[in-house]
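Asker: First the structure, then my questions, so here it is.
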């Protein structure tokens with residue numbers, strides 16, 4: 001009974017259903033802009049700084065708070081990552097196919113929110129992933145992590 005009274009009161013006090021649809025004038029084609037990035041100036045350096053800052057924030061959290069073994073990096077580990085080259089890793093499903101695409105979407109959206117279009121934002125997902133894999137871990141860079149972060153990040157970033 002309380003449910004019906006509450007529903008009735010909500011309907012009674014929401015007057016939008018009484019007014020009906022308001023008239024919206026038609027927009028002519030000359031006033032229509034198909035890409036919203038035309039409204040926002042581009043700030044590629046700001047997007048790059050956000051990508052760098054995001055990696056530093058996550059690395060600092062993993063290194064100093066969680067104390068993950070792979071987060072202890074120095075010049076030697078970075079040099080070793082470039083010498084060994086990329087490998088295929090066997091991390092958990094949630095790490096490879098959830099965390100990496102999510103992180104990639106943050107790189108992608110850093111560029112999108114700074115005025116870049118789709119194609120201009122895609123390299124930010126790739127460069128953020130490359131920075132992480134080669135500079136922010138003491139493990140060899142992972143091919144599947146770079147692919148999941150880049151392409152999964154672009155997809156998740158574009159739909160969010």
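Numbering (UniProt numbering), first residue to last: 1 to 160.
Just so you know, even glycine gets a beta-carbon here, dropped at the ideal spot from N, CA and C.
(1) To the nearest angstrom, how far is it from the Cα of residue 17 to the Cα of residue 3?
(2) Exposed or buried, residue 160, counting other C-beta atoms within 10 Å across all chains shown (16 or more means buried)?
(3) Tell me residue 142's beta-bridge partners as DSSP assigns them.
(4) What does a CB cutoff of less than 8 Å around residue 42 pick up in its chain, not counting 5 residues either side in sequence?
(5) In this structure, does DSSP put residue 120 in helix, strand or coil?
(6) Identify whether residue 17 lies in helix, strand or coil by the three-state DSSP scheme.
(7) What do you get for residue 57, buried or exposed, if any count of 16 or more other CB atoms within 10 angstroms of its CB means buried?
Answerer: On the basis of the coordinates in this document:
(1) Here residue 17 refers to the residue found at position 17 of the chain shown. Here residue 3 refers to the residue found at position 3 of the chain shown. With a pLDDT of 48 at residue 17, under the threshold of 50, the modelled position of this residue cannot be trusted; read the value that follows with caution. Approximately 20 Å, taken between the alpha carbons.
(2) As a first step, residue 160 must be located in the chain shown, where it is residue number 160. Residue environment: residue 160 is assigned as exposed (fewer than 16 neighbouring CB atoms within 10 Å of its CB, all protein chains considered).
(3) As a position in the chain shown, residue 142 is number 142, starting the count at 1. Residue pairing of residue 142 in beta bridges, as defined by DSSP: 87.
(4) Against the chain shown, residue 42 aligns to sequence position 42. By the criterion of a C-beta distance shorter than 8 Å, residue 42 is surrounded in its chain by 114, 115, 116, 120, once the five residues flanking it on both sides are discounted.
(5) The residue given as residue 120 occupies position 120 in the chain shown. For residue 120, the secondary structure class from DSSP, reduced to helix, strand or coil, is helix.
(6) Working through the chain shown from its first residue, we reach residue 17 at position 17. For residue 17, the predicted structure reports a pLDDT of 48, less than 50, and the residue's modelled location is therefore unreliable. A value from the coordinates is still provided. In this structure, residue 17 counts as helix in the three-state DSSP scheme.
(7) Counting from 1 along the chain shown, the entry for residue 57 is found at position 57. Residue 57 is exposed by the Cβ-count criterion.
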